[in-house]
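Counting from 1 along the sequence shown, just add 242 to a position and that's the residue number in this note's numbering. The C-beta atom is built at its ideal place from N, Cα and C for all residues, glycine as well.
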Amino acid sequence: SVDIENGFPIPPSKYTGGYPVEVSPKVAFAIELRKARAEKSLKEVAEKAGMTYQQYQRLENPRKTNPTLETLYKLQKVFNHPFLAL
243 SVDIENGFPI
253 PPSKYTGGYP
263 VEVSPKVAFA
273 IELRKARAEK
283 SLKEVAEKAG
293 MTYQQYQRLE
303 NPRKTNPTLE
313 TLYKLQKVFN
323 HPFLAL
């Protein structure tokens, strides 16, 4: 089990067959955000996005994340990655 809430690395997926399971949007967003951040620090990304370290940290926590459209737009500009497809 991997604990993404505490900053542990996300292992690469290993598909071995079976049935796909639907992932919660909050979990999917937290994982995508974490992958986009890669080796950058939380503080560095938060400053670029114009938010506090704590605000950004909540976004990477699947139990606490609830980004607004404005926040998604800021993150898209920082990472040059579309987190929201319209």
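In this structure the segment 302 to 322 touches the segment 272 to 290; the number of beta carbon pairs closer than 8 angstroms is three or more.
For Ala280, there is no enclosing alpha helix (DSSP H), as DSSP gives it neither H nor E. Nearest Cα to Leu314 within the set Glu264, Pro253, Lys268 and Thr258: Lys268. Check the Cα spacing between Val287 and each of Lys319, Pro262 and Gly259: the tightest is with Lys319. The DSSP-derived three-state label of Tyr257 is coil.
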